[in-house]
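Structure record follows, encoded as structure tokens.
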Ligand SMILES: *Cc1c(COP(=O)(O)O)cnc(C)c1O
């Protein structure tokens, strides 16, 4: 290492002529790593990361084991096994009335993560802009950057105990360089489910400005309170410009398997497949085979999982209230936000750094999910995809310290 590089805050060193490229220089360790390390060191209950402590369907696990033992361990087709593509197409038709041809309009990927990265690599040229809502899942900005594009975040607006779309702000954020809009519903980290009216407003803007919409719907089955998830692809005029992404990880509590899928018009899916083949080519043969069967009866499984998660969410929400924090509404997903100002904290980062020592609990500052500068810094994210006893312990500890 002859030259002296400049380390950024997270420690990745690079110069113009040696070392890591600019596109990864601020992608080093994040607040997630810091908080997970804190949890490990202090033995705190980790309600930070969204790693589920939830059961998976027995039949699915057995099917995977059988597939492995029977020798189905070689490369699957690059676009995924036909049976899984058919199961995805059937799922989209059965649930949402969306009709896709499993040959050409459905692609199996290495998790939603690879689908998102491939989609942005496939759709963006250097200098393009990608719109997303703030707060947002951290992969979107990183993927835009890998594609040489730039994420422009439009903040969701607080309506008291939740978040709503500001359609005027979205329209105002569109420029001549905007190519793609990334929409995540049900939403991480807020637990928001975009309403039919909000989706219609987004669809109108996308059509007005010829944007391609990439949707992240990995929490599509984890919706509570009778709220309905609606894919934007099912709105008039949207099928032709939308790539819909989902995955098995959250639906079946198998986040380590990394099987995802994309559905959309053939032209867009082919573009995603072109990028994807040079990332992983293909993966997960035994998982793909087993999931093809499981997806056919996902509704039965998801009904129980939803009940578990709804119960956990209520426990956590009531517990946070009793601890004197102010939880927000969460209609879906794994997470809810809480306002930490009642405990005398102005910002969530300080709260989260002190919480493991004070209460034996780990949370993540919601500001970590903001790309723009105007984050509500007093919010922190707690996850409830945990065993009931983990949530009970965390809540009791929070109430004791209050
Ligand atoms: C968990 C998660 C993903 C990642 O999905 P994988 O299938 O595990 O790659 C993508 N988007 C959101 C919003 C998530 O919460």
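Residue numbers (this note's numbering): 4 to 405.
The C-beta atom is built at its ideal place from N, Cα and C for all residues, glycine as well.
Here the structure is a predicted model, which is why all the values come from computation and not from measurement.
Subject >> Pairwise C-alpha distance: residue 183 and residue 214 >> reply: The straight-line gap from Cα to Cα measures roughly 5 Å.
**OP:** Please report how far the alpha carbon of residue 167 lies from the alpha carbon of residue 371, in whole angstroms.
**Re:** Approximately 19 Å, taken between the alpha carbons.
**OP:** Starting from residue 263, follow its DSSP beta bridges and name the residues at the other end.
**Re:** According to DSSP, residue 263 bridges with 112 and 250.
Original post:
Just curious, the alpha helix (DSSP H) that residue 43 is in, first and last residue?
Top reply: Counting along the chain, the alpha helix (DSSP H) containing residue 43 begins and ends at 34 to 45.
Original post:
Does the Cβ of residue 252 lie closer than 6 Å to at least one heavy atom of ligand 1?
Top reply: At least one heavy atom of ligand 1 sits closer than 6 Å to the Cβ of residue 252.
Original post:
What separation, rounded to the nearest whole angstrom, lies between the Cα atoms of residue 391 and residue 94?
Top reply: Here the alpha carbon of residue 391 sits roughly 30 Å from the alpha carbon of residue 94.
Subject >> residue 304 vs residue 60 beta-carbon contact at 7 Å >> reply: At the C-beta level, residue 304 and residue 60 come within 7 Å of one another.
Original post:
Looking at the unbroken alpha helix (DSSP H) that takes in residue 187, where does it start and where does it end?
Top reply: It is not in any alpha helix (DSSP H) - residue 187 instead sits in the beta strand (DSSP E) that spans 181 to 187.
Original post:
Does the stretch 290 to 298 come close enough to the stretch 76 to 96 that 3 or more CB-CB pairs lie under 8 Å?
Top reply: With a cut-off of 8 Å on Cβ pairs, the stretch 76 to 96 is in contact with the stretch 290 to 298, counting three or more such pairs.
Subject >> Reduced DSSP secondary structure (H/G/I, E/B, other) of residue 91 >> reply: DSSP places residue 91 in the helix class (H, G or I) of the three-state scheme.
Original post:
Does DSSP put residue 7 in a helix, a strand or coil?
Top reply: Its pLDDT being 38, under 50, residue 7 is placed unreliably in this model, and the value from its coordinates should be taken loosely. DSSP places residue 7 in coil when its eight states are reduced to three.
Original post:
Hey, would you say residue 124 sits closer than 7 Å to residue 150, going by beta carbons?
Top reply: Yes.
**OP:** Measure the Cβ-Cβ separation of residue 386 and residue 50 and say whether it is below 7 Å.
**Re:** Yes, these two residues count as a Cβ contact at 7 Å.
Original post:
Got a sec: does ligand 1 put a non-hydrogen atom nearer than 6 Å to the Cβ of residue 301?
Top reply: No, since every heavy atom of ligand 1 falls outside the 6 Å radius drawn around the Cβ of residue 301.
Original post:
How about residue 112 and residue 253: do their beta carbons lie closer than 7 Å?
Top reply: Result no, Cβ atoms of residue 112 and residue 253 do not sit closer than 7 Å.
**OP:** Please confirm if the stretch 203 to 213 is in contact with the stretch 237 to 248, defined as three or more CB-CB distances below 8 Å between the two stretches.
**Re:** A contact exists between the stretch 203 to 213 and the stretch 237 to 248.
Subject >> Segment limits, alpha helix (DSSP H) that includes residue 210 >> reply: 199 to 211 is the extent of the alpha helix (DSSP H) around residue 210.
Original post:
Secondary structure at residue 238, three-state DSSP: helix, strand or coil?
Top reply: Of the three classes helix, strand and coil, the one that applies to residue 238 here is coil, per DSSP.
**OP:** Would you identify the three-state DSSP class for residue 280, choosing helix, strand or coil?
**Re:** Judged by DSSP in its simplified three-state form, residue 280 adopts coil rather than helix or strand.
Original post:
The beta strand (DSSP E) with residue 320 in it runs from where to where?
Top reply: Per DSSP, residue 320 lies in no beta strand (DSSP E) segment; the continuous alpha helix (DSSP H) that holds it begins and ends at 301 to 325.
Original post:
Which value, in whole angstroms, describes the spacing of the CA atoms of residue 216 and residue 110?
Top reply: Distance between residue 216 and residue 110, taken at the CA atoms: about 17 Å.
Original post:
DSSP on residue 26, reduced to helix/strand/coil?
Top reply: Helix.
Subject >> For residue 403, the first and last residue of its enclosing alpha helix (DSSP H) >> reply: Annotation for residue 403: the continuous alpha helix (DSSP H) segment containing it runs 391 to 404.
Subject >> 7 Å CB neighbourhood of residue 174 in its chain, flanking five on each side removed >> reply: Around residue 174: 208.
Subject >> Any non-hydrogen atom of ligand 1 closer than 6 Å to residue 49 Cβ >> reply: No; taking the cut-off as 6 Å, the Cβ of residue 49 has no heavy atom of ligand 1 nearer than that.
Original post:
Can you give, in chain order, each stretch of the beta strand (DSSP E) that sits fully within the stretch 110 to 170 and has at least 3 residues?
Top reply: As for any beta strand (DSSP E) of minimum length 3 sitting wholly inside the stretch 110 to 170, the runs are 132 to 137 and 153 to 158, ordered along the chain.
Subject >> Contact between the stretch 35 to 49 and the stretch 359 to 366 (3+ Cβ pairs under 8 Å) >> reply: At 8 Å Cβ cutoff, the stretches touch.
Original post:
Apart from the five residues on each side of it in sequence, which residues of its chain come closer than 6 Å, Cβ to Cβ, to residue 313?
Top reply: The answer, listed in chain order, is 227.
Original post:
Based on the DSSP output, what are the partners of residue 329 in its beta bridges?
Top reply: DSSP output for residue 329 lists 342 as bridge partner(s).
Original post:
Mind checking residue 122: buried by the 16 CB within 10 Å criterion, or exposed?
Top reply: Taking a 10 Å sphere around the C-beta of residue 122, we find 16 or more other C-beta atoms and assign the residue as buried.
**OP:** Output yes or no for whether 7 Å exceeds the beta carbon distance between residue 383 and residue 369.
**Re:** Less than 7 Å separates the beta-carbon of residue 383 from that of residue 369.
**OP:** Decide if residue 284 is buried, meaning its Cβ has at least 16 other Cβ atoms within 10 Å, or exposed.
**Re:** Burial check for residue 284: the Cβ neighbour count within 10 Å stays below 16, so the residue is exposed.
Original post:
Should residue 221 be listed as close to ligand 1, given that the test is whether its C-beta is under 6 Å from any heavy atom?
Top reply: Yes, ligand 1 has a heavy atom inside 6 Å of this Cβ.
Subject >> Distance cut-off 6 Å: residue 263 Cβ against heavy atoms of ligand 1 >> reply: At least one heavy atom of ligand 1 is nearer than 6 Å to the Cβ of residue 263, so yes.
**OP:** Confirm the yes/no value for this check: CB of residue 287, any heavy atom of ligand 1, distance under 6 Å.
**Re:** Annotation for residue 287 indicates a beta carbon at 6 Å or more from all heavy atoms of ligand 1.
Original post:
residue 331: beta carbon under 6 Å from a heavy atom of ligand 1?
Top reply: Because no heavy atom of ligand 1 lies under 6 Å away, the Cβ of residue 331 does not count as near it: no.
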